[in-house]
Amino acid sequence: MMNKKVTGLLGEHAVRQLVQAVLASPYIEKSDLADRCGVPAPDLEITATMLVDQMILLELASQADSSMESRVPKKIYLVNPEMEEEIRAILA
């Protein structure tokens, strides 16, 4: 069972929008996430960091698509698989 703090976080609009966007598109890139969730960039950074710290979202590094960008890994996000079912139930 998820703790009350996590349940409370999911009640916030920005957090809810961000988590729903990641649920809809697992392995979404950080740049695409800003477009899909409608959260302003500064708020997105703060919210994403907080969700990663709480282990609600997992932040992974992926190789860039082109060789020019290959030295800078891109960040991708997915919902923690251990919490996904409970999160979906809360967001429903």
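Its first residue numbered 4, the sequence shown is counted upward by one per residue in this note's numbering.
Cβ coordinates follow ideal geometry from the N, Cα and C atoms, glycine included.
Three-state secondary structure (DSSP) of residue i
| i | result |
| --- | --- |
| Val-22 | helix |
| Ile-31 | strand |
| Val-82 | strand |
| Ala-97 | Residue coverage of the chain in this structure runs from 4 to 95, which leaves residue 97 outside it and unanswerable. |
| Glu-62 | strand |
Buried or exposed by the 16-neighbour rule on C-beta atoms within 10 Å, applied to residue i
| i | result |
| --- | --- |
| Val-75 | exposed |
| Ala-51 | buried |
| Leu-63 | exposed |
Nearest-angstrom Cα separation, counted from residue j out to residue i
| i | j | result |
| --- | --- | --- |
| Lys-78 | Tyr-30 | 9 Å |
| Glu-88 | Ala-37 | 24 Å |
| Ala-2 | Cys-40 | Any question about residue 2 goes unanswered here, given that the chain covers just 4 to 95. |
| Pro-43 | Glu-15 | 15 Å |
| Met-86 | Ile-59 | 7 Å |
| Thr-10 | Ile-93 | 8 Å |
| Leu-54 | Ile-90 | 12 Å |
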